[in-house]
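A short write-up of the structure that comes next.
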Amino acid sequence: MAVQSAQIPVEDEEDLDSAYGGDDTKSETYTLQSRFREYIYENGRRYNSYQAGKYWGPNDIPFQESLDISHHLFCLTLDGDLFIAPIGPQPQRVLDLGTGTGIWAIDFADQYPSASVIGNDLSPIQPSFVPPNLEFEVDDFELEWTYRKESFDFIHARALYGSVSDHRALYRQVIDHLKPGGWFENTEIGVVPYSDDGTIQGTTLEHWGELSLTAGDRFGKTLRIVDQTEELMRTAGFINVTYKSCPVVRIRPDELHFKSTDAFFDIYNAKNRWDKDAALYHSFGEDESSFGYVSHREAKERRDVLSKIFSVKAVEGAQNIILMKVNKLCDALTRQYTSGRPANLLLAFRCVTMDVITYLCFGQSGDAVENPDFHDPLIEAMHNSTALAPVFFHFKIIRKLIMGMPPDMAKKLAPETAGLINMQQLLKGQIDGHVNDPETLEALPHKTTIYHVLLDPNSHKSRGPASAKSLYEESQALMFGGGDTTANVIMIGSFYLLKRPVLVNKLKEELKEYWPELGPGKEPNLSVLEKMPFLNAIIKESLRIGPGIVSGLPRIVPAGGAIIGGKMVAAGTVVSSSSWFVHHDAAIFPEPDIFKPERWQSEQAKELDKYLVPFSKGTRMCLGFNLGWAELRMIFAHTYRKFDLDPRAEHLPWRDVFGPYYRKPNLTVWMKPVEE
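Numbering (this note's numbering), first residue to last: 369 to 1044.
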């Protein structure tokens, strides 16, 4: 929604009185007579008879109810106000153009009983009992007005999209009829569905929006006015034109979603100890995990235990495991090329990150990279199930039914999820074995699995070792969190890199400088990769421009309320924001939609670092961010040091389902091994 307030210049002459002009003008103003209630009926809907066909919408009861609901939403968006223009405490004459049901005019007249308020519209659908200082008229505001010029202190218009054939002419009439120093406010809505994260692109919803715009153009009354209002006002001669878009959206009665960068850091920071909102976090079936615990206290205790696995020291100690898995990926990519097939990088990178997380956390992995064309059943099943996240959130009963099915029945009903179900059954068997007999942990290849730390009674403060149910749900959270997100970043970075060969060449030159000779045992360790400036700049830009967790991570405002984005928010309100808004804030990252790794090598790079928040911020940020950085550095380095990649993809379609769900075609690339 966009709100435009504008003022006309004050001239050195006395204000004119508020009187009607003569009756020698081109349009006529009618009182509410019965003949104007002889409506037109088409396709089961009722339309205005006066100036029939000039307005696109009906005027029946369902449409009137939608107008009144819209009025309530407008007021919520404006923090309970009817307008934002600084009109002063005692406006004398006020005009509401296209008043609809008259609800705005009624509320205004009640708020300013000394003002004379007029609301006009093509349809006489306003109530009969109104404040004494309010009058409704049936009139066409596109014809020449009957009001005396320079007679209004304030003219208000709202949601006129598709109603005006010539906005310039309308605005000229507005400016002619405002008193010097008077105000005009026009609030408009973009009728085309829009998403900051770009997920609507290429969808049926986007196509519907384009058809709507085309229909408005053919109708001769544009639906594009929300993007044109400011310039049209300036052209008409208004001064002090103020444009305000609303960075806060109420997405449920008790939930606010914030867009501004300031709001993001007000919600997610190291000082806050806010609980999560169960409505979202309990829709994943991971209630008793570090991700799913809604209580900050419970989550902190679990995180304190798991931090032993994901600390900087632990990740440094595990780099040989990461290297082993990455080398297996490179071997598989080489086989893919020599067999004459390109590689699907969405699947390839997810296979290697899944192999890493499962081996580190569970002491075993399925060697997903060994599957032909990287079609690992687990990876593909997890990808398919990701698309169900919105269904599980909005329809809890469906989630309970699916998750409560016997495994064999679930696989028959949804064969594409068989890989995930098989892995879940394997984990459940493994977990039951360890819980019933902790000595079985000795058989695992290393002693830093989640089983070692979560079943250790000395690791916990206020509770005993984790239950089998909690271990299983933790394993699910770690698989989805560690298997998808890092791999997506590498694919996104490759997508943009391959569009700019000069960047690829620069990266390869740096890799050769720090890693001059290929071969077993010649690979640089993590401490060397951390020192490579351009490699790390590319990783940071990939993290910034790509979608991580796109949807908001809802938190509950504690007792006493909180100031978020400059707004006081009441206790108990669910609030959220998204790292996408921070990463695409043009005030921080100029040209935010352009892949520019060089921005991280500029003089402002250190300042930018605090705005790079792909792992979120605060006490509940992503637990595995150290592991994620290690994987990103090692996989990027090995991919571009050992292979020449071709071709370049034009599109990488995805949509927001909490995280990104990548639709086909995926990024498919020929991976030619480097010959030295």
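Ideal Cβ placement from N, Cα and C applies to all residues, glycine included. Since the model is a prediction, treat every value here as computed from it, not as a measurement.
Collapsing the DSSP output to three states places asparagine 640 in coil.
For threonine 941, no alpha helix (DSSP H) segment is defined, and its DSSP state is neither H nor E. Valine 617 carries a strand assignment under DSSP once its states are collapsed to helix, strand and coil. Within its own chain, the residues whose Cβ lies closer than 7 Å to the Cβ of arginine 413, once the five positions on either side in sequence are excluded, are Pro426, Asp428, listed in chain order.
Looking at Ser862, Val918, Asp800, Leu911, the one whose alpha-carbon comes closest to that of proline 1015 is Ser862. With a threshold of 16 other beta carbon atoms within 10 Å, glycine 934 falls short and is exposed. The alpha-carbon separation between proline 901 and leucine 894 amounts to approximately 13 Å.
Leucine 1035 is not a Cβ neighbour of leucine 715, given a cutoff of 7 Å. Using a C-beta cut-off of 8 Å, the segment 664–673 makes contact with the segment 818–828, since at least three inter-stretch Cβ pairs fall below that distance. A distance below 7 Å separates the beta carbons of proline 710 and tryptophan 1038. By the criterion of a C-beta distance shorter than 6 Å, glutamine 844 is surrounded in its chain by Glu654, once the five residues flanking it on both sides are discounted. By alpha-carbon distance to isoleucine 924, the top candidate from Arg912, Ser944, Gly916, Ser910 is Ser944. Residue environment: arginine 831 is assigned as exposed (fewer than 16 neighbouring CB atoms within 10 Å of its CB, all protein chains considered).
DSSP, read as helix, strand or coil, puts tryptophan 968 in helix.
Non-local beta-carbon contacts of alanine 700 in its own chain, meaning distances under 6 Å to residues more than five positions away in sequence, involve Val737 in chain order. Distance from the CA of arginine 912 to the CA of cysteine 990, rounded to the nearest whole angstrom, comes to 16 Å. By the C-beta criterion, the segment 457–466 is judged to be in contact with the segment 519–536, since at least 3 inter-stretch pairs fall below 8 Å. Contact between the segment 498–510 and the segment 523–543 is present, with at least three C-beta pairs closer than 8 Å. Between the alpha carbons of tryptophan 968 and phenylalanine 957 lies a gap of roughly 10 Å. DSSP places arginine 461 in the uninterrupted beta strand (DSSP E) bounded by 461–465. Beta-bridge pairing by DSSP links tyrosine 1030 to Trp1022. Residue range 745–754 is occupied by the alpha helix (DSSP H) that includes histidine 751. Sequence-distant partners of tyrosine 979 (beyond 5 residues in either direction) whose C-beta falls short of 6 Å from its own C-beta, in its chain, are Val950, Ile956. Proximity of the segment 645–661 to the segment 757–768 meets the contact definition, three or more beta-carbon pairs being nearer than 8 Å.
Look at the beta carbons and you see the segment 678–697 touching the segment 730–745: at least three pairs across the two are nearer than 8 Å.
Of all alpha-carbon atoms in Leu1000, Glu553, Ser970, the one lying nearest the alpha-carbon of threonine 854 is that of Leu1000. Apart from the 5 residues on each side of it in sequence, asparagine 501 sits with its Cβ closer than 7 Å to the Cβ of Ala477, Pro481, Ala483, Ser484, Val485 in its chain, given in chain order.
Sequence-distant Cβ neighbours of isoleucine 747 in its own chain, meaning closer than 7 Å and more than five residues away, are Leu715, Arg718, Cys719, Met722, Ala736. Taking the Cα of alanine 638 as reference, the smallest distance to any Cα among His664, Lys974, Pro615 is reached at His664. Rounded to the nearest angstrom, the Cβ distance from leucine 435 to glycine 468 is 5 Å, consistent with a contact under 8 Å. In the DSSP assignment, tyrosine 705 falls within the unbroken alpha helix (DSSP H) covering 687–706.
For the pair isoleucine 677 and threonine 816, the CB atoms are nearer than the 7 Å cut-off. Arginine 526 sits close to threonine 555, with the two beta carbons spaced by under 7 Å. The C-alpha of isoleucine 907 is placed about 11 Å away from the C-alpha of lysine 964. In the structure shown, the three-state DSSP call for proline 1041 is strand. Annotated three-state conformation of glycine 550 is strand, per DSSP.
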